[in-house]
Amino acid sequence: VQAYSVPFRGQSSEERGAVVVLRDVTEEENEDRARRDFVANVSHEIRTPLTTIKSYIEALEDGAIESPDHAKRFLSVIHGETERMTRMVSDLLQLSRLDSNREQLRIGPHVLRELVQNACYRFSMHLQGQDVSLSFEVPANLIVSVDADKLDQVFDNLISNAIKYTPDGGRVRVRAHRPSGKYVLVQVIDTGMGIPKQELPLIFDRFYRVDKARSRAMGGTGLGLSIAKQIIELHGGQIQIDSEEGQGTTVSFTLPVATGGA
Ligand code: ADP
Numbered sequence: 002v003q004a005y006s007v008p009f010r011g012q013s014s015e016e017r018g019a020v021v022v023l024r025d026v027t028e029e030e031n032e033d034r035a036r037r038d039f040v041a042n043v044s045h046e047i048r049t050p051l052t053t054i055k056s057y058i059e060a061l062e063d064g065a066i067e068s069p070d071h072a073k074r075f076l077s078v079i080h081g082e083t084e085r086m087t088r089m090v091s092d093l094l095q096l097s098r099l100d101s102n103r104e105q106l107r108i109g110p111h112v113l114r115e116l117v118q119n120a121c122y123r124f125s126m127h128l129q130g131q132d133v134s135l136s137f138e139v140p141a142n143l144i145v146s147v148d149a150d151k152l153d154q155v156f157d158n159l160i161s162n163a164i165k166y167t168p169d170g171g172r173v174r175v176r177a178h179r180p181s182g183k184y185v186l187v188q189v190i191d192t193g194m195g196i197p198k199q200e201l202p203l204i205f206d207r208f209y210r211v212d213k214a215r216s217r218a219m220g221g222t223g224l225g226l227s228i229a230k231q232i233i234e235l236h237g238g239q240i241q242i243d244s245e246e247g248q249g250t251t252v253s254f255t256l257p258v259a260t261g262g263a
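Just so we're on the same page, the working numbering is the position in the sequence shown counted from 1, plus 1.
Spelled out as structure tokens, the structure:
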């Protein structure tokens, strides 16, 4: 708390009292610390792939380039890390646009089932080689008032997580229903590895990952859930995550129903 005190004198100039101003600076300090932490995190997250890229290039220079097998493998690591960095930079740019409200939502009425179907079809193409089933149950009459591109990104982030963290033999489902007149509840449910209870409160934080090495190895940026949360909240919705270690994870969020929608 910052305190200022100004003496208050009467006519005869004897001191009568003081005006004391107390200002709670906790919030400002917290924001300041959050900003510093964020910059430190960004620097660290960008330095990590750079270090990897540098060491693989050095190995190639030191002779690995002579072995076609090694050269191919090292180049593929360099390629993967470069792509992850590109993804990270575009995620960061998007977060900064969302933060500064520069991102105008283009809200319109959309048939939720079509949006979910498009997202699921896209993923079923990528699923080749991975034995995880992906399905959706969304009534055809749910019309939501959303920015379709932004919502698409939410589905992208949540479904890709569900698939990433679900081992072979598992199942990913997208469900939606309308529990009240005003909003629709959407859930992305997986039967994957789950998230330990103590990590759940931190899971929407930027760069927070239960297992950094695993997330990086899978090409993750640690920003997917924070972007999803920002987008849902910009639509006036809420998002939450429930999880049981070893059993699976459910991400649930709400979306506004389009007025006039059935
Ligand atoms: P990432 O790019 O690492 O996937 P996210 O912000 O999307 O970043 O997710 C943050 C972390 O939350 C992940 O690294 C992972 O540890 C955990 N997580 C997210 N979704 C799931 C899920 N469906 N099952 C298990 N863990 C998850």
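Don't be surprised by glycine CBs; every beta carbon is placed ideally from N, CA and C.
Counted within 10 angstroms of its Cβ, other Cβ atoms place residue i as buried (16 or more) or exposed
{"i": "Gln105", "result": "exposed"}
{"i": "Pro69", "result": "exposed"}
{"i": "Glu245", "result": "exposed"}
{"i": "Leu256", "result": "buried"}
{"i": "Asp25", "result": "exposed"}
{"i": "Arg17", "result": "exposed"}
{"i": "Ala263", "result": "Caution is warranted here: a pLDDT of 45 is assigned to Ala263, below 50, making its placement in the model unreliable, and the coordinate value is therefore given only provisionally. That one is exposed."}
{"i": "Arg74", "result": "exposed"}
{"i": "His80", "result": "exposed"}
{"i": "Glu46", "result": "buried"}
{"i": "Asn31", "result": "exposed"}
{"i": "His236", "result": "buried"}
{"i": "Ser97", "result": "exposed"}
Closer than 7 Å: residue i CB and nearest the ligand ADP heavy atom
{"i": "Gln226", "result": "Looking at the sequence shown, residue 226 is not Gln but Leu. Yes, the ligand ADP has a heavy atom inside 7 Å of this Cβ."}
{"i": "Ile196", "result": "yes"}
{"i": "Ala165", "result": "A quick correction: the sequence has Lys, not Ala, at residue 165. True, at least one ligand heavy atom lies under 7 Å from that Cβ."}
{"i": "Gly170", "result": "no"}
{"i": "Thr250", "result": "yes"}
{"i": "Arg85", "result": "no"}
{"i": "Tyr184", "result": "no"}
{"i": "Asn162", "result": "yes"}
{"i": "Val211", "result": "yes"}
{"i": "Asp191", "result": "yes"}
Residue range of the beta strand (DSSP E) that includes residue i
{"i": "Leu186", "result": "184-191"}
{"i": "Leu224", "result": "First-last for Leu224: undefined, no H or E at that position."}
{"i": "Ile242", "result": "240-245"}
Nearest-angstrom Cβ-Cβ length linking residue i and residue j, presumed shorter than 8 Å
{"i": "Ile232", "j": "Lys151", "result": "5 Å"}
{"i": "Glu138", "j": "Arg176", "result": "5 Å"}
{"i": "Leu143", "j": "Leu186", "result": "Not confirmed; about 10 Å, so no contact."}
{"i": "Ala120", "j": "Ile160", "result": "6 Å"}
{"i": "Gln1", "j": "Ser125", "result": "Summary: the structure shown does not reach residue 1, with the chain confined to residues 2 through 263, and so no result is reported for it."}
{"i": "Val258", "j": "Ser146", "result": "7 Å"}
Terminal residues of the alpha helix (DSSP H) in which residue i lies
{"i": "Pro69", "result": "69-100"}
{"i": "His45", "result": "27-62"}
{"i": "Ile164", "result": "149-165"}
Residue i CB to nearest heavy atom of the ligand SAM below 7 Å
{"i": "Gly221", "result": "The model depicted lacks the ligand SAM and carries the ligand ADP instead."}
When you compare the segment 196-210 with the segment 222-231, are there three or more beta-carbon pairs, one atom per stretch, that lie closer than 8 Å? Touching, yes.
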